[in-house]
Amino acid sequence: MAKLTKLYFSDIIIAFVFGVMWESLSTDFWSYNIKIAEWSFFNIFPIIMILFWMIVLLLSLFLSENLYKTLVHTNDIPIFDKRLYLIDILCFGIIGTSLELILYSLGGFDYNQELRWRLFPLIGLPNNAVVGYFGIGIYVPTMIRYYRRT
Amino acid sequence: MTIAEILITLFFLIYLFFPRRPAVEKIKEFVSVSVFGVFFPFLMKPVWQYHPDSWSLFIRNIPVFIILYWIIIISLAINMSDRAVKKIGNKKNIKVTKWLYLVSDIAVFMVLGIMGESLLYQIGSFAYMQGNGFGVIPVLNIPLIIPCGYIGLAFFGAPAFRFKKKACVP
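Given below as structure tokens:
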């Protein structure tokens, strides 16, 4: 139990660090709804957005690993496996895009119009956002597993 | 060719010939990092504004040599970090752990990244469109967020690059 707690704790910390880092790198990509921006760390990082990133990463990781276990019939999660890699990319891409779409539809934020991003057909999110979530799936899950290793 | 492109080509030659390693290994490593190299400049396009006079080749408003820059800087940083960890481990008899790799990755990515980025910035290849709100590094005039980005790349990217490299280079 203690090992499991430690394991989840490291995942949560990494997801938090990623959220803070991404929010600081992309401050001008979007503007947040006043209600979201009200609750912020240092008046820069909205708490809801950090939580959003943590949910995206942890939920995708959880689903991806469980899907891998079911498909490959194993209980061990390697740090890197080509099949797991593919599942990671799909899970992160689909879950990230869906949650972003929900938050965007609820009016949580708006994309910076000056950037003139091209929109992804049907869902109306910028191509960069959709590709970004699939891209996160390429790198971040491997890194979380690497640091989680005992 | 412009000055920026000549500098990136020189960087590429350094990566290609030092240290000497089998060509196949370098090609596979290059391919494994190139996914990020192509993906990153397009994703983070709003951060930089590239000066049209400083670059001769563009793909969708992104200079081709910037893609090469990212591939080279990451490959070089990971190789240098690996060599540094091996040397420290051998000389000081320190147990090589993931934390030693992390410290080495952060140091190498910071040094190489700031060096490459400030060099290109000082010769006027691009301007920063955002990130100035966090302040700038004195003398270099680079936004503080840039070294933070390289630290993030070392923390989030380096382990994945290593495992991808292992998978690509049997």
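Same order as they appear, the protein sequences are chains A and B. Residue 164 in this note's numbering sits at position 100 of the first sequence, with consecutive numbering throughout. Residue 1221 in this note's numbering sits at position 168 of the second sequence, with consecutive numbering throughout. Note that the Cβ used here is the ideal one computed from N, Cα and C, for glycine as well. Computed from a predicted structure; not experimentally measured.
Same chain, Cβ closer than 8 Å to residue i, neighbours up to 5 away in sequence not counted
{"i": "B:F1102", "result": "With the sequence shown as reference, residue 1102 of chain B is identified as Gln, and Phe is not the correct amino acid for it. Result list for B:Q1102: F1179, A1180, Y1181 and M1182, in chain order."}
{"i": "B:I1195", "result": "I1167, E1170, S1171, Y1174, Y1181 and V1189"}
{"i": "B:D1158", "result": "A1130, I1131, S1134, A1207, F1208 and A1211"}
{"i": "B:I1067", "result": "L1129"}
{"i": "A:L183", "result": "L189, P190 and N191"}
Nearest candidate by alpha-carbon position, reference residue i, set the options
{"i": "B:A1207", "options": "B:I1127, B:M1097, B:H1104 and B:K1140", "result": "B:I1127"}
{"i": "B:A1160", "options": "B:I1131, B:V1149 and B:F1089", "result": "B:I1131"}
{"i": "A:R147", "options": "A:I159, A:G160, A:T161 and A:E129", "result": "A:E129"}
{"i": "B:I1204", "options": "B:R1074, B:V1164 and B:R1136", "result": "B:V1164"}
{"i": "B:K1151", "options": "A:E102, A:R212 and A:I77", "result": "A:R212"}
{"i": "B:I1199", "options": "A:I77, A:M85 and A:I141", "result": "A:M85"}
{"i": "B:G1177", "options": "B:L1063, B:P1105, B:V1138 and B:P1094", "result": "B:P1105"}
{"i": "A:L170", "options": "A:V81, A:L89 and A:I98", "result": "A:I98"}
{"i": "A:L154", "options": "A:W117, A:G199 and A:L179", "result": "A:G199"}
CB of residue i within 8 Å of CB of residue j, strictly
{"i": "A:L165", "j": "A:L189", "result": "yes"}
{"i": "A:I108", "j": "A:I100", "result": "no"}
{"i": "A:I114", "j": "A:G83", "result": "yes"}
{"i": "A:D75", "j": "A:L125", "result": "yes"}
{"i": "A:T138", "j": "B:A1213", "result": "no"}
{"i": "A:Y197", "j": "A:W94", "result": "no"}
{"i": "A:I72", "j": "A:F173", "result": "Contrary to the premise, residue 72 of chain A reads as Tyr rather than Ile in this sequence. No; because the gap between Cβ atoms is not below 8 Å, this pair is not in contact."}
{"i": "B:V1088", "j": "A:I202", "result": "yes"}
{"i": "A:S79", "j": "A:L131", "result": "Sequence check: residue 79 of chain A is Ala here, not Ser. No."}
{"i": "B:F1093", "j": "B:W1123", "result": "yes"}
{"i": "B:G1202", "j": "A:L89", "result": "yes"}
{"i": "A:L167", "j": "A:F116", "result": "yes"}
Neighbourhood of residue i by C-beta, 6 Å cutoff - its chain only, sequence neighbours within 5 removed
{"i": "B:L1173", "result": "A1057"}
{"i": "B:L1060", "result": "none"}
{"i": "A:L163", "result": "V120"}
{"i": "A:D152", "result": "S128, G201 and P205"}
{"i": "A:R209", "result": "I143"}
{"i": "A:T161", "result": "V194 and Y197"}
{"i": "B:V1117", "result": "L1110"}
7 Å CB neighbourhood of residue i in its chain, flanking five on each side removed
{"i": "B:V1222", "result": "Bear in mind that the predicted position of B:V1222 carries a pLDDT of just 49, short of 50, making it too unreliable to give a figure here."}
{"i": "B:T1055", "result": "S1107, W1108 and S1109"}
{"i": "B:F1065", "result": "L1121 and I1125"}
{"i": "A:F144", "result": "T206"}
{"i": "B:I1147", "result": "I1141 and L1153"}
{"i": "B:A1137", "result": "S1157 and V1161"}
Bridge-paired residues (DSSP) for residue i
{"i": "A:P205", "result": "DSSP output for A:P205 lists no bridge partner at all."}
{"i": "A:S104", "result": "A:P110"}
{"i": "A:W94", "result": "A:Y175"}
{"i": "A:L183", "result": "A:P190"}
Please list the segments of the alpha helix (DSSP H) lying wholly inside the segment 109-174 of chain A, counting only runs of 4 or more residues, in order along the chain.
111-136 and 146-169
Fully enclosed by the segment 1145-1220 of chain B, which beta strand (DSSP E) runs are 3 residues long or longer?
1179-1181
Which runs of the alpha helix (DSSP H) at least 4 residues long sit entirely within the segment 1076-1130 of chain B? Give them in chain order.
Correct list: 1076-1096.
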